[in-house]
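Residue numbers (the working numbering): 122 to 321.
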Ligand code: AMP
């Protein structure tokens, strides 16, 4: 039962509206540890419920401490625009009874609308590494307030050549932060990334 997990009532209400009744296995294992603030390396396939496994803890932690420090406080890195859009939709659904806002950024479209959206100081940014590096370079995305970072489909980000951008982004984050690494497989490159990124 989701109600047995340490989740805020507003998140439980959203889960009920979505008719999510039972947490999936990855959700059962990842949610409590991630809410505690631990770093995680999760092997999970698409369809396992992996998105909610990291979105719910991030929402929960942002709600627990809403002292409104520097935005964004959550950063989710993904390999493709399609995945970014899906995650954005899932965040909207899960956060519908909260005040938390997410903005999604990816390449292949004008940056103008994304820059405008970032000016509203979203709590969470979801995006593809290339566009994020671009927006950081323009000075419109500052990542010094990020408390939790997710690398989703890390193996695909590696396959698509995004690891240099990912490393550049990670270097711009505060040292003291939570890192959540999700991957369907565990190639050597991702294992070595995990060794440098995960601390707790
Ligand atoms: P994902 O693995 O994150 O791509 O999720 C696969 C699909 O399962 C998505 O459409 C989710 O909205 C849905 N989903 C995630 N968690 C649950 C759950 N606990 N119960 C029912 N559906 C879920």
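No residue lacks a Cβ here, since even glycine has one placed at the ideal position from N, Cα and C. What you are looking at is a predicted structure, and each value in this text was computed from that prediction instead of being measured.
Query	Result
Any heavy atom of the ligand AMP closer than 7 Å to the beta-carbon of residue 211?	yes
Let me know the secondary structure DSSP gives residue 302 once reduced to three states.	strand
In this structure, what does DSSP give as the bridge partners for residue 272?	198, 302
Rounded C-beta distance between residue 245 and residue 197? I'm assuming under 8 Å.	7 Å
Can you check which of these residues, 162, 254, 278, 174, is closest to residue 212 by C-alpha distance?	174
So which of 220, 316, 181, 125 has the shortest CA-CA distance to residue 156?	181
For residue 286, count the other beta carbons within 10 Å of its own beta carbon; 16 or more makes it buried, fewer makes it exposed. Which is it?	buried
What do you reckon, is the C-beta of residue 303 under 7 Å from a heavy atom of the ligand AMP?	no
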